[in-house]
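One structure below.
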Amino acid sequence: MSTAAHGPLLGRIAADATPGVNERARVRIPYDLRDRVRRNQYVTIADARSPGLVFLGRLITGPFFPSPEESSDIVADVEIQGELDGNQTYDTNNRPAPESAVYELGPAEVRELLGLHGDMVLGCLSGWPEIGLSLQSHNKDVLPRNVGIFGTVGSGKSNSVQVIIEEASARGWAIVLLDLEAEYVYMDQPTSQETLARALPKFGREPRGLPDFHVYHPVSCTSDRPESQPFTLRIADFEPSVTAELLQCTLAERNALFDCIDYLQQKYQPRMTTTDSERLTELFDPAPAKPPYTLQLLKARATERSPRNSESMDYVGLASKLQQLVHSGAFDQPNMRGLDPAEMLQPGRVNVIDVSIANDNVKNLVTADLLRKAFAYKIAREKAPPTLLVIEEAHSFMSRERAHTMHATLQMLRNVTRRGRKRWLALAFVSQQPGHLPPEIFELCNTRIVHTLRSMHNLDALMATTGDITRELWSRCPLLGTGEAIISSPQFHRAVVARIRPAASNRRFTR
Ligand SMILES: Nc1ncnc2c1ncn2[C@@H]1O[C@H](COP(=O)(O)OP(=O)(O)OP(=O)(O)O)[C@@H](O)[C@H]1O
Ligand SMILES: [Mg+2]
373 MSTAAHGPLL
383 GRIAADATPG
393 VNERARVRIP
403 YDLRDRVRRN
413 QYVTIADARS
423 PGLVFLGRLI
433 TGPFFPSPEE
443 SSDIVADVEI
453 QGELDGNQTY
463 DTNNRPAPES
473 AVYELGPAEV
483 RELLGLHGDM
493 VLGCLSGWPE
503 IGLSLQSHNK
513 DVLPRNVGIF
523 GTVGSGKSNS
533 VQVIIEEASA
543 RGWAIVLLDL
553 EAEYVYMDQP
563 TSQETLARAL
573 PKFGREPRGL
583 PDFHVYHPVS
593 CTSDRPESQP
603 FTLRIADFEP
613 SVTAELLQCT
623 LAERNALFDC
633 IDYLQQKYQP
643 RMTTTDSERL
653 TELFDPAPAK
663 PPYTLQLLKA
673 RATERSPRNS
683 ESMDYVGLAS
693 KLQQLVHSGA
703 FDQPNMRGLD
713 PAEMLQPGRV
723 NVIDVSIAND
733 NVKNLVTADL
743 LRKAFAYKIA
753 REKAPPTLLV
763 IEEAHSFMSR
773 ERAHTMHATL
783 QMLRNVTRRG
793 RKRWLALAFV
803 SQQPGHLPPE
813 IFELCNTRIV
823 HTLRSMHNLD
833 ALMATTGDIT
843 RELWSRCPLL
853 GTGEAIISSP
863 QFHRAVVARI
873 RPAASNRRFT
883 R
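Under our numbering, the first residue of the sequence shown carries the number 373, and numbering increases by one thereafter.
Quick look at the structure:
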């Protein structure tokens with residue numbers, strides 16, 4: 373299929389002076405078009421010698437003025453992004469011949485050619501306010517294939533999180549966000565930052581709080597949000613192998629844990645004929661914990677068995693780890709409800725779990741509880757709305773260093789992402805230390821929003837796992853301003869540099 377080149381004529385490809393760079397070509401442009409030559413302008417190039425051969429390009433350097441004479445041609449370098457076939461871009465092994473015509477692309481055409489159309493407004497192309505950039509809420513290749521939001525301290529990650537939450541919830545997604553710093557607990561109110569509010573109308577948005585918004589906190593902690601609802605964790609809701617990993621049990625402590633759980637199950641539930649659906653009903657029922665086992669019963673059993681301690685069964689070590697959990701006060705509190713997926717996972721509802729005061733163990737266990745329940749609920753209830761779970765500081769839940777001792781947790785994540793996709797369950801991982809995340813987590817994040825990153829350690833980790841971002845684009849990463857990001861997504865035909873719009877809802881601790 374041949375492709376027509378679009379837009380007004382900008383200039384012509386110059387002859388290659390020296391052996392050139394494969395993906396670059398020089399353009400000669402009449403001086404009177406100077407105002408139209410800006411870096412990052414997208415162009416199409418109709419090859420002068422092969423009719424029908426059309427390239428997509430982007431001006432990446434210039435404008436240069438090779439002659440001191442006024443009104444002589446100016447030059448710029450264009451990066452060849454691919455060959456166009458209809459509205460699709462394909463990789464190319466070719467370059468445009470000299471005298472090929474270079475045409476300027478208009479905003480609508482750029483949006484179309486790059487696949488930037490959608491119903492969730494994220495922002496615009498950086499430097500091109502007229503070229504809006506949106507994600508598609510109904511595209512299974514976008515949110516359900518998971519999102520990664522990375523960037524150094526203060527680069528704009530939390531703002532991007534808010535924008536995605538605002539847009540997805542407005543399109544009927546249910547959202548649960550783990551808030552590590554109690555910064556999102558007032559998102560039902562409009563933004564209070566004047567400068568952000570002023571920039572919103574350009575993106576067709578105005579300051580606005582979320583209409584269906586709820587805050588929860590572990591009963592052992594408090595929340596700065598007075599209406600926040602406390603919940604208890606129930607030790608019986610966890611896969612024993614996940615509990616063991618999150619408590620960083622040794623092998624002998626893990627053996628002891630399994631032994632104690634077995635004992636309590638035999639004692640309180642000797643029939644052992646629970647069906648899958650019975651187990652799910654128990655998991656979803658937010659009622660206060662009851663036997664077969666609670667943390668207190670488990671701890672008592674481990675203590676009772678302490679005299680039997682051996683090299684392979686460390687009841688003493690286990691009892692002390694369980695004691696720390698008892699101390700945390702987050703588990704199996706009488707008359708306290710657990711997390712209730714049926715209540716939280718409703719269309720358009722945004723739930724924030726404020727774990728700002730919890731210790732690391734409790735944070736991790738809340739994360740695991742949420743993942744397991746949301747996943748089980750989505751599998752069991754076909755009619756549940758599309759759901760997005762946002763995990764801030766993902767590297768502290770699942771780090772590269774700990775990955776080799778966290779097989780069960782990783783397996784749970786893998787399950788949630790692989791099988792969850794078919795049921796519209798999506799994860800968003802946020803991290804300022806992507807270099808500390810296991811590479812597997814990157815591979816799960818198909819849409820990546822990369823704010824500025826300056827440490828090579830963090831950049832290397834991303835570059836190694838993101839094939840569709842060119843070296844030229846990566847080189848801009850350390851220079852990005854606050855709120856700017858390189859975005860690659862299965863929805864976009866090319867990775868782009870975007871300016872993310874400011875959030876419309878409120879956030880605390882904004883610098
Ligand atoms: N897209 C944006 N447009 C305008 N201003 C922004 C944008 N994103 C962030 N900012 C500004 O930069 C500040 C820092 O942003 P933000 O808190 O989102 O960064 P962060 O990466 O989450 O930081 P941290 O690492 O501390 O969590 C915000 O308070 C806001 O004022
Ligand atoms: Mg943040």
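C-beta atoms are modelled at their ideal positions from N, C-alpha and C, and glycine is treated no differently. Nothing here was measured: the structure is a model prediction, and the numbers come from that model.
- With a cutoff of 9 angstroms on beta-carbon distance, E484 and F881 are scored as not near each other.
- Straight across, the Cα-Cα distance linking D551 with H767 is about 14 angstroms.
- For G792 and A448, the gap between their C-alpha atoms comes out near 47 angstroms.
- Taking the Cβ of L549 as the reference point, every heavy atom of ligand 1 lies at 8 angstroms or farther away.
- If you draw a 10 Å sphere on the C-beta of Q413, you find 16 or more other C-beta atoms in it, and that means buried.
- Cβ neighbours of C632 within its own chain (closer than 6 angstroms, five residues either side excluded): L670, R673, A674.
- Burial is judged here by how many other beta carbons sit within 10 angstroms of a residue's own beta carbon; T647 has fewer than 16 and is exposed.
- Per DSSP, Y558 is not a residue of any beta strand (DSSP E), being assigned neither H nor E.
- CA-to-CA, the gap between L428 and A397 works out to about 12 angstroms.
- Here P719 is near A546, since their CB atoms are less than 9 angstroms apart.
- Using a Cβ distance threshold of 9 angstroms, G523 and L825 count as a contacting pair.
- When distances are taken from the beta-carbon of A571 to the heavy atoms of ligand 1, the shortest one is below 8 angstroms.
- With contacts defined by Cβ atoms closer than 9 angstroms, K529 and W796 do not form a contacting pair.
- Using a C-beta cut-off of 8 angstroms, the stretch 398–409 makes no contact with the stretch 451–461, since fewer than three inter-stretch Cβ pairs fall below that distance.
- Straight-line spacing of the CA atoms in T819 and V533 works out to 13 angstroms.
- Beta bridge pairing from DSSP links H699 with no other residue.
- In this structure, the CA atom of L623 is about 16 angstroms from the CA atom of S678.
- Ordered by chain, the residues meeting the criterion of a beta-carbon within less than 6 angstroms of a non-hydrogen atom of ligand 2 are K529, S530.
- Around the beta carbon of S860, 16 or more other beta carbons lie within 10 angstroms, which makes this residue buried.
- Less than 9 angstroms separates the beta-carbon of G520 from that of C817.
- Taking 8 angstroms as the upper bound for CB-CB distance, V869 and R843 are not in contact here, some 14 angstroms apart.
- Only buried fits S803, as 16 or more other CB atoms lie within 10 angstroms of its CB.
- Ranked by Cα distance from P380, the first of F801, V474, A836, A702 is V474.
- With a beta-carbon spacing of about 17 angstroms, Q453 and Q863 fall beyond the 8 angstroms limit used to define contacts.
- By a beta-carbon distance limit of 8 angstroms, S498 contacts R871. Their separation comes to about 5 angstroms.
- Rounded to whole angstroms, I432 and Q783 show a C-alpha spacing of 43 angstroms.
- By the neighbour-count criterion, in which 16 or more other beta carbons inside 10 Å mark a residue as buried, Y640 falls on the exposed side.
- The bridge partners DSSP lists for Y665 come to none.
- Judged by DSSP secondary structure, V482 falls within the alpha helix (DSSP H) whose first and last residues are 479–486.
- Taking the Cβ of T854 as the reference point, at least one heavy atom of ligand 1 falls within a distance shorter than 8 angstroms.
- Take the alpha-carbon of E455 and the one of R430: they are about 13 angstroms apart.
- Taken from the Cβ of V525, at least one heavy atom of ligand 1 lies inside 8 angstroms.
- Between T781 and L618, the CB-CB gap stays under 9 angstroms.
- Annotation: P706 is outside any beta strand (DSSP E) and is labelled neither H nor E by DSSP.
- For S613, the secondary structure class from DSSP, reduced to helix, strand or coil, is helix.
- For H823, the Cβ falls inside the 8 angstroms cut-off from some heavy atom of ligand 1.
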